[in-house]
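J.:
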Amino acid sequence: MFCKNCGNPVEDGTKYCRACGSAIATSEVHTQMSGTPRKPDEGIIENFFKLHGRLNRKRFIKRSFVLAGLAFPCFFLLFAVLDDTKPFEVLSMVTAFVFQIANYCIAVRRLEDLGYGPGAARLILIVGIVSLPIDDEHVLRILSYVQSGFWFYCAVKKGTAGKNQYGEDPLQQGASS
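Counting in the numbering used here, the sequence shown runs from 32 upward without gaps.
1. Check whether the stretch 49 to 56 and the stretch 101 to 114 touch, using three or more Cβ-Cβ pairs below 8 Å as the test.
2. Return the chain-ordered list of same chain residues with a C-beta closer than 6 Å to the C-beta of L113, the five sequence neighbours on each side being excluded.
3. With a cut-off of 8 Å on the beta carbons, I'd call I137 and S95 a contact; round off their distance for me.
4. Just tell me which of K35, E42, L82, L202 has its CA closest to the CA of A133.
5. Measuring alpha carbon to alpha carbon, tell me which of R85, V97, G44, A99 ends up nearest L145.
6. Starting from K93 and walking both ways along the alpha helix (DSSP H), at which residues does that stretch end?
7. How would you write the range of the alpha helix (DSSP H) that G159 sits in, first residue to last?
8. Look at the Cβ atom of F110, then the Cβ atom of R141, and state whether they are nearer than 8 Å.
9. Which same chain residues, not among the five before or five after P149, have their C-beta less than 8 Å away from its C-beta?
10. Where does G74 fall in DSSP's three states?
11. Beta-carbon within less than 7 Å of C48's beta-carbon, same chain only, minus the 5 sequence neighbours each way: which residues are those?
12. What does the Cβ neighbour count give for Y135, buried or exposed, with the cut at 16 atoms within 10 Å?
13. To the nearest angstrom, how far is the alpha carbon of I160 from that of F183?
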């Protein structure tokens with residue numbers, strides 16, 4: 032078994048992780064690591080807002096492009112309808128926040144496939160949320176380089192082969208769509 036919080040191995044029957052001290056939910060760990068076939072993600076929530084389970088490179092890239100393909104028309108429509116008014120600012124911030132959360136969720140799943148915990152994705156989420164109200168062009172450019180580099184790393188780096196502490200290998204489960 033593995034700790035859901037920090038990813039360190041724990042012995043069967045242990046109630047708390049020795050490394051981080053968090054409680055171990057044995058039933059959740061056993062069901063996640065069981066040999067049952069993986070059910071494919073269906074629907075918007077499963078594909079874009081699910082926080083647990085490994086996501087291979089192909090599905091990560093596809094979902095990233097779908098999010099980008101949806102974000103551009105949304106912002107274009109907001110700008111076309113509301114122009115540069117106060118409601119435009121509020122709605123564009125809310126829309127950007129929703130897309131940032133969806134990006135965070137697929138990044139967490141991709142990082143779990145790479146063997147990292149959700150902590151690394153939290154850093155990217157914080158960078159994305161902090162950048163929303165910033166008007167300084169140079170700061171925004173640097174933050175966009177950081178996020179682009181992170182995305183490229185996730186898109187290129189091969190995931191952990193076989194089972195890891197976050198679940199079965201998505202490539203061995205036939206999850207290529």
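The C-beta atom is built at its ideal place from N, Cα and C for all residues, glycine as well. Please read these numbers as outputs of a predicted model, since none were measured by experiment.
T.: Let's see:
1. no
2. Here the set comprises F119.
3. That pair is a contact at about 7 Å.
4. For A133, the nearest C-alpha among the options comes from L82.
5. R85
6. 88 to 113
7. 150 to 162
8. no
9. Non-local C-beta neighbours of P149 in its own chain, meaning closer than 8 Å and more than five positions away in sequence, comprise L82, V139, L142, E143, ordered along the chain.
10. helix
11. Excluding its 5 nearest sequence neighbours in each direction, C48 has C-beta neighbours in its own chain below 7 Å: C34, N36, C37, N39, V41, I55, listed in chain order.
12. buried
13. 20 Å
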